[in-house]
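A.B. asks: There's a structure below that I have some questions on.
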Ligand code: HEC
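Numbering (UniProt numbering), first residue to last: 1 to 122.
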């Protein structure tokens, strides 16, 4: 996983150094601090239903409502020690699954914040 990230960063660097590369500002989205912890049930799981479950109802991680939490935690897709290295975050941030189903920067920010807060089943 780490070597893939190094490779990706290397490719980005090569791209950035080549003259015809157009630098795109990364979109950094702040989740408004409501004083409430991010809720898996209300904030995170609803992201998966429309975008992921057409495939991830039968393939790991199972992301259907009611099953997503156990599948993500049991499958090792969430790393609360290193939230940004969580497979669920890295995979989404890589553009998977692409097209109109790719996660937006805001959706990724919600997922990351939920993991940073300890990935509670709340
Ligand atoms: C069109 C079908 C399709 C959709 C929609 C889709 N996936 Fe996937 N997903 C796959 C396939 C096929 C794989 C296995 C190949 C790969 O890793 O890309 C996969 C792999 C993954 C993996 C890695 C699994 C592992 O065990 O390493 C994660 C995490 C994941 N998907 C998350 C998501 C999320 C989150 C969404 C919704 C935003 C999503 N996927 C939407 C087809 C899909």
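C-beta: ideal position from N, C-alpha, C; glycine also.
Please read all numbers here as calculations on a predicted model, not as lab measurements.
Just to confirm the assignment, what range does the alpha helix (DSSP H) spanning residue 52 have?
C.D. replies: Unbroken alpha helix (DSSP H) run through residue 52: 45-52.
A.B. asks: In chain order, what are the residue ranges of uninterrupted alpha helix (DSSP H) at least 4 long that sit wholly in the UniProt domain "Cytochrome c" (39-119)?
C.D. replies: Taking only runs of at least 4 residues, the alpha helix (DSSP H) segments lying wholly in the UniProt domain "Cytochrome c" (39-119) are 45-52, 68-74, 87-93 and 105-116.
A.B. asks: Count the other CB atoms, across all protein chains shown, that sit within 10 Å of the CB of residue 45; report buried if there are 16 or more and exposed otherwise.
C.D. replies: With 16 or more Cβ atoms within 10 Å of its Cβ, residue 45 is classed as buried.
A.B. asks: Going by beta carbon distance, what residues of the same chain come within less than 6 Å of residue 116, once the five residues before and after it are set aside?
C.D. replies: Here the set comprises 83.
A.B. asks: Going by Cα to Cα distance, which pick from 101, 118, 73 and 112 is closest to residue 31?
C.D. replies: That would be 112, whose Cα lies nearest to the Cα of residue 31.
A.B. asks: Comparing C-alpha positions only, which one of 57, 51, 62 and 68 sits nearest to residue 41?
C.D. replies: With distances taken between Cα atoms, residue 41 lies closest to 68.
A.B. asks: Can you say whether residue 78 is buried or exposed, counting buried as having 16 or more other CB atoms within 10 angstroms of its CB?
C.D. replies: Burial call: buried.
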